[in-house]
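Participant:
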Amino acid sequence: MTAGHGIIKGMFWDNVDISVTAGNGGNGLVSFRRERGEAMGGPDGGDGGDGGSVVIVASGDENTLANYARKKEFKAVSGKPGGKGRKHGKSADNLQLKVPIGTVVYEGDRAIADLTNDGQEANVAKGGQGGYGNAHFKSSVRRAPRHGELGQPGASADIRLELKLVADIGLVGIPSVGKSTLLSRITSAKPKIADYPFTTTIPQLGIAQVDDKRFAVADIPGLIEGAHQGKGLGDAFLRHIERTRVIIHLLDATVPDPVADYRTIRKELESYSPELSKKPEIVVLNKIDAVAKADRPTLKKDVEQRLGQSVQLVSAVSGEGIPELLRAAGKLASATKPPVVADAMPTFTVDELAPRAVSVTKDGDTFKVSGPRLERLAQQTDFENPGAVRRFWWIANRMGVPKRLEKLGADKNATISIAGKKIAWDQRKLK
Ligand SMILES: Nc1nc2c(ncn2[C@@H]2O[C@H](COP(=O)(O)OP(=O)(O)OP(=O)(O)O)[C@@H](O)[C@H]2O)c(=O)[nH]1
Ligand SMILES: [Mg+2]
Numbered sequence: 008m009t010a011g012h013g014i015i016k017g018m019f020w021d022n023v024d025i026s027v028t029a030g031n032g033g034n035g036l037v038s039f040r041r042e043r044g045e046a047m048g049g050p051d052g053g054d055g056g057d058g059g060s061v062v063i064v065a066s067g068d069e070n071t072l073a074n075y076a077r078k079k080e081f082k083a084v085s086g087k088p089g090g091k092g093r094k095h096g097k098s099a100d101n102l103q104l105k106v107p108i109g110t111v112v113y114e115g116d117r118a119i120a121d122l123t124n125d126g127q128e129a130n131v132a133k134g135g136q137g138g139y140g141n142a143h144f145k146s147s148v149r150r151a152p153r154h155g156e157l158g159q160p161g162a163s164a165d166i167r168l169e170l171k172l173v174a175d176i177g178l179v180g181i182p183s184v185g186k187s188t189l190l191s192r193i194t195s196a197k198p199k200i201a202d203y204p205f206t207t208t209i210p211q212l213g214i215a216q217v218d219d220k221r222f223a224v225a226d227i228p229g230l231i232e233g234a235h236q237g238k239g240l241g242d243a244f245l246r247h248i249e250r251t252r253v254i255i256h257l258l259d260a261t262v263p264d265p266v267a268d269y270r271t272i273r274k275e276l277e278s279y280s281p282e283l284s285k286k287p288e289i290v291v292l293n294k295i296d297a298v299a300k301a302d303r304p305t306l307k308k309d310v311e312q313r314l315g316q317s318v319q320l321v322s323a324v325s326g327e328g329i330p331e332l333l334r335a336a337g338k339l340a341s342a343t344k345p346p347v348v349a350d351a352m353p354t355f356t357v358d359e360l361a362p363r364a365v366s367v368t369k370d371g372d373t374f375k376v377s378g379p380r381l382e383r384l385a386q387q388t389d390f391e392n393p394g395a396v397r398r399f400w401w402i403a404n405r406m407g408v409p410k411r412l413e414k415l416g417a418d419k420n421a422t423i424s425i426a427g428k429k430i431a432w433d434q435r436k437l438k
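Each residue of the sequence shown is one higher than the last, beginning at 8 in the working numbering.
Written out as structure tokens, the structure is:
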């Protein structure tokens, strides 16, 4: 599946790669009150504001992913630094990226969010937390803390957005069997209809009413043998029926061998995905108006025998057999759960709930320390500031890091790498 193949085949953007970066947290301020007659007042540095996250939001107002076709990088705003007088820096707003309902968000091959409802959100890059100002570190024993925290960097991620229409019923078949004619018959959609193959180049959606229930029906471009290798319009459009509940497989009753067409399509469905080929299916012989009444029972029987399953006879043009087909499809759809691609909504930041686990490894002359909590602390530590360094090592000590460094043979000149920073290990700071 190539990204954005839709531009060639009719400007229907349904697959885009973008990169997102959240805003950094604002730095906490180190400052002291200045009052008349006092050499130095208490610490009054405020906390930094949080950076904005990048949030993908499903919206009924959007139909394609075209907004993401040209612009590829999206950055949320950073939080403001803390101010004097304990002034809290302003937190930044989240950057909201609107996408059509039915968009699946991928990171690599993993689907991380499946936005099937209007307003549903996925936070794909969490904004950095603001750092504490020095006022925060004041205590009865530490009246004049000279360090604050740096803001935490915003998370970033490369993600792929894929639009998969959310339909109950998907129409499949080789070109010109009458899929679009059927869609126009059962819904108010007005797809293009013509007697040449590949008339439909972009998926179409319509709503069909069956008794008191409504069903979304998706009409997709015709498939031919070798579609999974890119023949015809290829098979990438099948993603739009990946989560339909039911497939209506349309055959042309007027061709010499509709069963051969059936097998061709089944093979393509199977090579696209085993899940897709397992969906409940209704097989339909269309264009029955063009078959003499007397020949219809024999045709039905013959096809059913060769397929080993029942088929329905309809005419999308005259309307014959359509109510029966709709009722059967509606019943099957109601009885089948819609498949969900992904329902987890993780974010790409270090997990704050992660255990305090740290790992210490040796790589040449450097000692690598990793672990979500300590890494976050390191990101927020200004290693030029002695007070901040003391706090870092105090916490690292409680997590058992120095002991493990010693075990690996680190001495007081050792260089330690953590969260992309190279820091010195000065044991004296502990004592
Ligand atoms: N006689 C008859 N002709 C039909 C019927 N349904 C469709 N057709 C004709 O078949 C031709 C193809 O119809 P489409 O609906 O465009 O077929 P399609 O399956 O959507 O084709 P692609 O979009 O190319 O995959 C058109 O000329 C239609 O008028 C039918 O029930 N009876
Ligand atoms: Mg069509």
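We put the beta carbon where it would ideally sit given N, CA and C, even for glycine.
#1: Let me check understanding here. Comparing Cα to Cα, which of R43, V61, G140 lies closest to L157?
#2: Could you please give me the residues that DSSP links to Y113 through a beta bridge?
#3: Using 8 Å as the threshold, is the C-beta distance between G180 and I295 below it?
#4: Quick one: Cα of A83 to Cα of R246, how far?
#5: Taking the continuous beta strand (DSSP E) assigned at L36, which residues delimit it?
#6: Tell me F222's beta-bridge partners as DSSP assigns them.
#7: Taking all protein chains shown into account, decide if K117 is buried (16 or more other Cβ within 10 angstroms of its Cβ) or exposed.
#8: I need the straight-line Cα distance from Q216 to S341, nearest angstrom please.
#9: Would you mind stating whether T251 and G177 have Cβ atoms separated by less than 8 Å?
#10: Taking one C-beta from the region 266-281 and one from the region 195-208 each time, how about it: are there three or more such pairs within less than 8 Å?
#11: Taking just the CA atoms, how far does A243 sit from I25?
#12: With H, G and I counted as helix, E and B as strand and the rest as coil, what does DSSP make of Q386?
#13: Answer with buried or exposed for W6, where buried requires no fewer than 16 other C-beta atoms within 10 angstroms of its C-beta.
#14: Do L104 and V64 have their C-beta atoms closer together than 8 Å?
#15: Ligand 1: which residues have Cβ under 6 Å from any of its heavy atoms, chain order?
#16: Determine the direct distance from the alpha carbon of F399 to that of R411, and round the result to whole angstroms.
#17: E331 lies in the beta strand (DSSP E); which residues open and close that run?
#18: So what's A65 in DSSP terms, helix, strand or just coil?
#19: Report yes if the C-beta distance between L170 and T208 is below 8 Å; otherwise report no.
#20: Under the criterion of a Cβ to heavy atom distance below 7 Å, does D226 qualify as lining ligand 2?
#21: In this structure, does DSSP put P228 in helix, strand or coil?
#22: State the Cα-Cα distance for the pair N22 and I193, rounded to the nearest angstrom.
#23: Buried or exposed for T356, please, with buried defined as at least 16 other CB atoms from any protein chain shown within 10 angstroms of its CB.
#24: Can you give the beta carbon distance from S183 to A132, rounded, assuming they're within the 8 Å contact cut?
Facilitator: Here's the rundown:
#1: Walking along the sequence shown from the start, residue 157 turns up at place 150. Looking at the Cα atoms, G140 is the closest of the given residues.
#2: Taking the sequence shown and counting its residues from 1, one reaches residue 113 at position 106. Partner(s): A118, R167.
#3: For the purposes of this step, residue 180 is taken as residue 173 along the sequence shown, with counting starting at 1. For the purposes of this step, residue 295 is taken as residue 288 along the sequence shown, with counting starting at 1. For G180 and I295, no; Cβs fall outside 8 Å.
#4: For the purposes of this step, residue 83 is taken as the residue at position 76 of the sequence shown. For the purposes of this step, residue 246 is taken as the residue at position 239 of the sequence shown. Straight-line Cα distance between these residues: approximately 30 Å.
#5: For the purposes of this step, residue 36 is taken as residue 29 along the sequence shown, with counting starting at 1. Per DSSP, L36 belongs to no beta strand (DSSP E) and is neither H nor E.
#6: Here residue 222 refers to the residue found at position 215 when the sequence shown is read from its first residue. DSSP lists A215 as partners of F222.
#7: Here residue 117 is taken as the residue at index 110 of the sequence shown, counted from 1. With the sequence shown as reference, residue 117 is identified as Arg, and Lys is not the correct amino acid for it. With fewer than 16 Cβ atoms within 10 Å of its Cβ, R117 is classed as exposed.
#8: Counting from one through the sequence shown, the residue named residue 216 turns up at place 209. Counting from one through the sequence shown, the residue named residue 341 turns up at place 334. If you draw a straight line from the Cα of Q216 to the Cα of S341, it comes to about 13 Å.
#9: Sequence index remark: in the sequence shown, residue 251 carries index 244 (1-based). Sequence index remark: in the sequence shown, residue 177 carries index 170 (1-based). For T251 and G177, yes; Cβs fall inside 8 Å.
#10: Too few Cβ pairs lie closer than 8 Å, so no.
#11: Here residue 25 corresponds to residue number 18 of the sequence shown, with the count starting at 1. Here residue 243 corresponds to residue number 236 of the sequence shown, with the count starting at 1. One C-alpha to the other measures close to 19 Å.
#12: One-based indexing of the sequence shown puts residue 386 at position 379. Three-state result, Q386: helix.
#13: Shown here, the chain extends from 8 to 438; a query on residue 6 therefore has no answer.
#14: Taking the first residue of the sequence shown as position 1, residue 104 is located at position 97. Taking the first residue of the sequence shown as position 1, residue 64 is located at position 57. Yes, the Cβ-Cβ distance between L104 and V64 is below 8 Å.
#15: G180, P182, S183, V184, G185, K186, S187, T188, I200, A201, D202, P204, F205, T206, T207, P228, G229, N293, K294, D296, A297, S322, A323, V324
#16: Within the sequence shown, numbered from 1, the residue matching residue 411 stands at position 404. Within the sequence shown, numbered from 1, the residue matching residue 399 stands at position 392. Taken atom to atom, the span from the alpha-carbon of R411 to that of F399 is near 16 Å.
#17: Here residue 331 corresponds to residue number 324 of the sequence shown, with the count starting at 1. Run containing E331: none in the beta strand (DSSP E); it sits in the alpha helix (DSSP H), 329-341.
#18: Looking up residue 65 in the sequence shown gives position 58. It is a strand residue.
#19: Position 163 of the sequence shown, counting from 1, holds the residue named residue 170. Position 201 of the sequence shown, counting from 1, holds the residue named residue 208. It is not a contact, given that the beta carbons lie outside the stated cut-off.
#20: Taking the first residue of the sequence shown as 1, we reach residue 226 at position 219. Yes, the beta carbon of D226 sits closer than 7 Å to at least one heavy atom of ligand 2.
#21: To locate residue 228, count along the sequence shown from 1; it is residue 221. Here P228 sits in coil by DSSP.
#22: Your numbering for residue 22 matches position 15 in the sequence shown. Your numbering for residue 193 matches position 186 in the sequence shown. Near 29 Å, if we compare the C-alpha coordinates of I193 and N22.
#23: Numbered from its first residue, the sequence shown carries residue 356 at position 349. In this prediction, T356 has a pLDDT of 29, which is less than 50 and means its spatial position is unreliable; what the coordinates show is noted afterwards. By the 10 Å Cβ count, T356 comes out buried.
#24: Counted from its first residue, the sequence shown places residue 183 at position 176. Counted from its first residue, the sequence shown places residue 132 at position 125. Actually they are not in contact, since the Cβ atoms of S183 and A132 sit about 46 Å apart, beyond 8 Å.
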